[in-house]
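>
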Amino acid sequence: MPAVQVENLVKTYGDGTQAVKGISFIVDEGEFFGFLGPNGAGKSTTIKILTTLLRKTSGLANVAGHDIEHDPQKVRKLIGVQMQDTVIDEDLTGRENLILQGHLHQMHREELKERVNTLLKIVDLEDAADKRSAYYSGGMKKRLDLASTLVHRPKILFLDEPTTGLDPQSRATVWSYLKELNQEGITIFITTQYLEEVDRLCRRLAILDHGEIVAQGSPSELKSEIGADRIT
């Protein structure tokens, strides 16, 4: 069963702007899949639809075996979502942010305590766990935001340009975390503007431009077919 299956997906806004124009693609279970395209291509719109944050206009989309329109609650229980802007509560500590996420997913206290400690270690925030997140650096906030998406052990992780605004060292750290998560069996769907960010990790890519998928394939296939300079 595919982790994500999309057929003829369309999103038209009230002013007539068509942000997504009948796209179709499949993401296999356990795959690291890249959604590549420039600003305004429709990447964020697509990811919002797939994560039930935005209603589609037409087409079909199944996530983790569930229809996003008919079974949105089931979809939400099985996915983690990190959008471009962090959604952490800066009045809370790093630990408190993760505990809050666990409560939202109705996790048991002992399981949640163990999970929070594990995640703080994974994202290298143990030493800052009990500091207010308002005082975290940009990279630390991104790492905390990523950890918050993982509290409930999602099967599929949707990431919308997760390294935007990070320095090279923080970007490398995030990619290292994502590689480890994928090796543990989590399906990762990631949007980015930069081929070099997904070149070594993604088995397949789809390139979106003006709401349409213009190419799909492995990074090497796309660079050979289109030319690396045209898709970076």
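Numbering-wise (my numbering), the sequence shown opens with residue 854 and increments by one. Glycine included, each C-beta is placed from N, C-alpha and C at the ideal position. Keep in mind the model is a prediction, meaning the values are calculated, not measured.
May I have a chain-ordered list of the beta strand (DSSP E) segments no shorter than 3 residues that lie completely inside the region 890 to 968?
The qualifying runs are 911 to 916 and 932 to 935.
> Between V857 and V880, how many whole angstroms is the CB-CB distance? I'm expecting something under 8 Å.
Contact holds; Cβ gap of about 4 Å.
> For the beta strand (DSSP E) containing G867, name the first residue and the last one.
Premise fails: G867 is in no beta strand (DSSP E) and is neither H nor E.
> In whole angstroms, what is the alpha-carbon distance linking D980 and T939?
About 21 Å.
> Can the beta-carbon of L972 be found closer than 7 Å to that of L1003?
Cβ distance < 7 Å, so L972 and L1003 count as in contact.
> Helix, strand or coil for V1004? Go by DSSP, reduced to three states.
Three-state result, V1004: coil.
> Indicate the three-state DSSP secondary structure (helix, strand or coil) for L1058 in the structure shown.
Of the three classes helix, strand and coil, the one that applies to L1058 here is strand, per DSSP.
> Kindly indicate the opening and closing residues of the beta strand (DSSP E) around K874.
Q871 to V880 is the extent of the beta strand (DSSP E) around K874.
> So the beta strand (DSSP E) Q1069 belongs to, where does it begin and stop?
It spans E1065 to G1070 - the beta strand (DSSP E) in which Q1069 sits, taken as one unbroken run.
> Grouping DSSP H, G and I as helix and E and B as strand, with all else coil, what is A856?
Coil, per DSSP.
> Using DSSP with H/G/I as helix, E/B as strand and the rest coil, what is L972?
DSSP places L972 in helix when its eight states are reduced to three.
> Tell me where the alpha helix (DSSP H) around T1045 begins and ends.
That residue, T1045, is in no alpha helix (DSSP H); its beta strand (DSSP E) goes T1040 to T1045.
> According to DSSP, is G883 helix, strand or coil?
Correct three-state label for G883: coil.
> Run the CB neighbour count on A894, radius 10 Å, all protein chains shown included, and call it buried at 16 or more, exposed below.
A894 should be labelled buried.
> With a cut-off of 8 Å, do at least 3 Cβ pairs link the region 1045 to 1053 to the region 884 to 891?
The answer is yes - the region 884 to 891 touches the region 1045 to 1053, with three or more Cβ pairs under 8 Å.
> Would you list the residues sitting across from R996 in a DSSP beta bridge?
Partner(s): none; R996 has no beta bridge.
> Determine contact between the region 959 to 975 and the region 994 to 1010, defined as no fewer than three beta-carbon pairs at a distance below 8 Å.
The answer is yes - the region 994 to 1010 touches the region 959 to 975, with three or more Cβ pairs under 8 Å.
> Ignore the nearest five residues each way along the sequence and tell me which others in C1055's own chain have a CB closer than 7 Å to its CB.
If we look at C1055 and ignore the five residues flanking it on each side, its Cβ neighbours are F885, F886, G887 and P1072.
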